[in-house]
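Peer 1:
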Amino acid sequence: MRSVRIAFFAVPVLASCMNGQAETKGQTDTGQAATTGQVQITEWTVPWEKTRPRDPYVDASGKVWFVGQAGNYIAHLDPASGKFTRFEIEAGTHPHNLIVDKGGKVWFAGNRNARIGALDGSTGKSTIYPMPGGSPRDPHTMIFDSKGDIWFTAQGGNAVGHLDTKSGKVRVANVATKNARPYGIVMDKKDRPWFIQLGTNKVATIDPATLAITDYSLPNEGTRARRLEVTPDGAIWYGDYTRGMLGRFDPASGTAKEWAMPSGTASLPYAMALDDRNRIWLVETGVQPNRLVAFDTKSETWVSATPIAESGAKTVRHMVFHAPSRTLWFGTDANTIARAKVP
Numbered sequence: 079m080r081s082v083r084i085a086f087f088a089v090p091v092l093a094s095c096m097n098g099q100a101e102t103k104g105q106t107d108t109g110q111a112a113t114t115g116q117v118q119i120t121e122w123t124v125p126w127e128k129t130r131p132r133d134p135y136v137d138a139s140g141k142v143w144f145v146g147q148a149g150n151y152i153a154h155l156d157p158a159s160g161k162f163t164r165f166e167i168e169a170g171t172h173p174h175n176l177i178v179d180k181g182g183k184v185w186f187a188g189n190r191n192a193r194i195g196a197l198d199g200s201t202g203k204s205t206i207y208p209m210p211g212g213s214p215r216d217p218h219t220m221i222f223d224s225k226g227d228i229w230f231t232a233q234g235g236n237a238v239g240h241l242d243t244k245s246g247k248v249r250v251a252n253v254a255t256k257n258a259r260p261y262g263i264v265m266d267k268k269d270r271p272w273f274i275q276l277g278t279n280k281v282a283t284i285d286p287a288t289l290a291i292t293d294y295s296l297p298n299e300g301t302r303a304r305r306l307e308v309t310p311d312g313a314i315w316y317g318d319y320t321r322g323m324l325g326r327f328d329p330a331s332g333t334a335k336e337w338a339m340p341s342g343t344a345s346l347p348y349a350m351a352l353d354d355r356n357r358i359w360l361v362e363t364g365v366q367p368n369r370l371v372a373f374d375t376k377s378e379t380w381v382s383a384t385p386i387a388e389s390g391a392k393t394v395r396h397m398v399f400h401a402p403s404r405t406l407w408f409g410t411d412a413n414t415i416a417r418a419k420v421p
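The sequence shown maps to residues 79 to 421 in the working numbering.
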């Protein structure tokens, strides 16, 4: 597939601090935009170096929120102006993930201090929700259910939890398999959470009322997946990080079907998202530059492959699809926030 690059000339960015918030202004598009098969990727360099910006989420106003996991901050990008705004949070939090509710409150996972925080973007103040008894210590990835409450995984804590956003109550369920490492989590159309277990070849669902966990073993014992998606037909899709496969698992029959990733066993599929046309998008992190690839679940074929050419990305760990703008958003270990416009 032929690749076309469109250059946008970058200008230096300047940082200033105002009321505890750091703001940076620059051009809308820094560096280059690369297009392949009608996919256009644009990256913005985050002004705080080596802070691992990740897990962006678009709010109702169009601001793109993200965490600085290594920099211990919450920030947002205004794609129209290229301006970054930073909010300092409690020392030692090292946020891993964030999501934004309908009211604009930014919820973040405290990956090293056993809590979930809620940031008010207008005041910069955070409300803290500690884990019961300090466990699990490492909230990892979060997702909203239809009530606006939060389900989350804890990789090192080997648990899955639920936060009632109205009362602040946290409930936790431990995973039976030792070192299962619960990782990615999604909601199905019946409002049930599904999560993948990186430390084993299992996917699971949890009963919202009882917190009972039901495990499903994927057919290949060597499967190790980081992320998952669920299509409207109830099928669970996963990217096998170790074997370089995309898989579709049917919980009703217990059967699975797999397709080799475009880069094969070298692909290391990591970030993953489902768009509004039932296409699965994954980032192949085992190749440099990383490649954004798409699989059409209807035709069961790979339909797109685009290098993340400006920065190379190093590694893309999580990705979300923003339906109103038909864009994918992700952070890279090359210290950028990226947008992919998809056809």
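Glycine is no exception: its CB is placed at the ideal position from the N, C-alpha and C atoms.
Classify GLN233: buried if its beta carbon has 16 or more other beta carbons within 10 angstroms, exposed otherwise.
Peer 2: Stepping through the sequence shown from its first residue, residue 233 is reached at position 155. Classification for GLN233: buried.
Peer 1: Please state whether DSSP places PRO33 in a helix, a strand or coil.
Peer 2: Residue numbering for the chain in the displayed model covers 79 to 421; residue 33 lies beyond these limits and cannot be assessed.
Peer 1: Nearest-angstrom Cα distance between GLU299 and GLY181?
Peer 2: As a working note, residue 299 is residue 221 in the sequence shown. As a working note, residue 181 is residue 103 in the sequence shown. The straight-line gap from Cα to Cα measures roughly 43 angstroms.
Peer 1: Are ILE119 and ALA330 closer than 8 angstroms when you measure CB to CB?
Peer 2: For the purposes of this step, residue 119 is identified with residue 41 of the sequence shown, where counting begins at 1. For the purposes of this step, residue 330 is identified with residue 252 of the sequence shown, where counting begins at 1. Contact flag unset, no.
Peer 1: Is the beta carbon of TRP229 closer than 8 angstroms to that of ILE263?
Peer 2: For the purposes of this step, residue 263 is taken as residue 185 along the sequence shown, with counting starting at 1. For the purposes of this step, residue 229 is taken as residue 151 along the sequence shown, with counting starting at 1. Yes, they are a contact pair.
Peer 1: Would you kindly work out how many angstroms separate the C-alpha atoms of PHE327 and LYS335, rounded to a whole number?
Peer 2: Counting from one through the sequence shown, the residue named residue 327 turns up at place 249. Counting from one through the sequence shown, the residue named residue 335 turns up at place 257. If I take the Cα positions, the gap works out to 7 angstroms.
Peer 1: Does DSSP classify ALA401 as helix, strand or coil?
Peer 2: Numbered from 1 along the sequence shown, position 323 holds the residue referred to as residue 401. Of the three classes helix, strand and coil, the one that applies to ALA401 here is helix, per DSSP.
Peer 1: Measuring only the C-alpha atoms, how far is THR201 from GLY140?
Peer 2: Your numbering for residue 201 matches position 123 in the sequence shown. Your numbering for residue 140 matches position 62 in the sequence shown. So the alpha carbons of these two residues sit roughly 19 angstroms apart.
Peer 1: Closest to VAL142 by CA distance: which of GLY149, ALA251, GLY160, ALA338 is it?
Peer 2: As a working note, residue 142 is residue 64 in the sequence shown. Cα-wise, what sits closest to VAL142 is GLY160.
Peer 1: Within 10 angstroms of the Cβ of TYR319, are there 16 or more other Cβ atoms? Answer buried if so, exposed if not.
Peer 2: Residue mapping note: residue 319 aligns to position 241 of the sequence shown, counting from 1. With 16 or more other Cβ atoms within 10 Å, it is buried.
Peer 1: If you measure between the beta carbons of SER345 and GLY364, is that distance less than 8 angstroms?
Peer 2: Counted from its first residue, the sequence shown places residue 345 at position 267. Counted from its first residue, the sequence shown places residue 364 at position 286. In this structure, GLY364 lies closer than 8 angstroms to SER345 by Cβ.
Peer 1: Just the C-alpha distance for SER214 and GLN116, rounded to the nearest angstrom, thanks.
Peer 2: Taking the sequence shown and counting its residues from 1, one reaches residue 214 at position 136. Taking the sequence shown and counting its residues from 1, one reaches residue 116 at position 38. Ser is not the amino acid found at residue 214; the sequence shown has Pro there. In a straight line, the C-alpha of PRO214 is about 43 angstroms away from that of GLN116.
Peer 1: For ALA313 and GLU121, what's the separation of their Cα atoms in angstroms?
Peer 2: Taking the first residue of the sequence shown as 1, we reach residue 313 at position 235. Taking the first residue of the sequence shown as 1, we reach residue 121 at position 43. So the two alpha carbons sit approximately 32 angstroms from each other.
Peer 1: Please say whether LYS280 and ALA251 have beta carbons closer to each other than 8 angstroms?
Peer 2: On the sequence shown, position 173 is the one that residue 251 refers to. On the sequence shown, position 202 is the one that residue 280 refers to. For ALA251 and LYS280, no; Cβs fall outside 8 angstroms.
Peer 1: Between ASN189, THR375, PRO310, ARG304, which has its C-alpha nearest LEU361's C-alpha?
Peer 2: Along the sequence shown, read from residue 1 onward, the residue named residue 361 stands at position 283. Note that residue 361 is Val in the sequence shown, not Leu. Minimum Cα distance to VAL361 is reached at ARG304.
Peer 1: Between the beta-carbon of ASP242 and the beta-carbon of ASP227, is there less than 8 angstroms?
Peer 2: By one-based count along the sequence shown, residue 242 stands at place 164. By one-based count along the sequence shown, residue 227 stands at place 149. Against a cut-off of 8 angstroms, the Cβ pair of ASP227 and ASP242 comes out as a contact.
Peer 1: In three-state DSSP terms, what is GLY342?
Peer 2: Residue 342 sits at position 264 when you count from the first residue of the sequence shown. If DSSP states are grouped into helix, strand and coil, GLY342 belongs with the helices.
Peer 1: For the beta strand (DSSP E) holding THR283, just list the boundary residues, first then last.
Peer 2: Here residue 283 refers to the residue found at position 205 when the sequence shown is read from its first residue. From DSSP, the beta strand (DSSP E) with THR283 extends over 280-284.
Peer 1: Classify ALA158: buried if its beta carbon has 16 or more other beta carbons within 10 angstroms, exposed otherwise.
Peer 2: Taking the sequence shown and counting its residues from 1, one reaches residue 158 at position 80. Exposed, by the Cβ-count rule.
Peer 1: With a Cβ-Cβ cutoff of 8 angstroms, do VAL308 and PRO340 count as a contact?
Peer 2: Here residue 308 corresponds to residue number 230 of the sequence shown, with the count starting at 1. Here residue 340 corresponds to residue number 262 of the sequence shown, with the count starting at 1. It is not a contact, given that the beta carbons lie outside the stated cut-off.
Peer 1: I'd like the ranges of any beta strand (DSSP E) spanning at least 3 consecutive residues and lying wholly in the segment 203-283.
Peer 2: 204-208, 217-222, 228-232, 237-241, 248-252, 260-265, 271-275, all fully within the segment 203-283.
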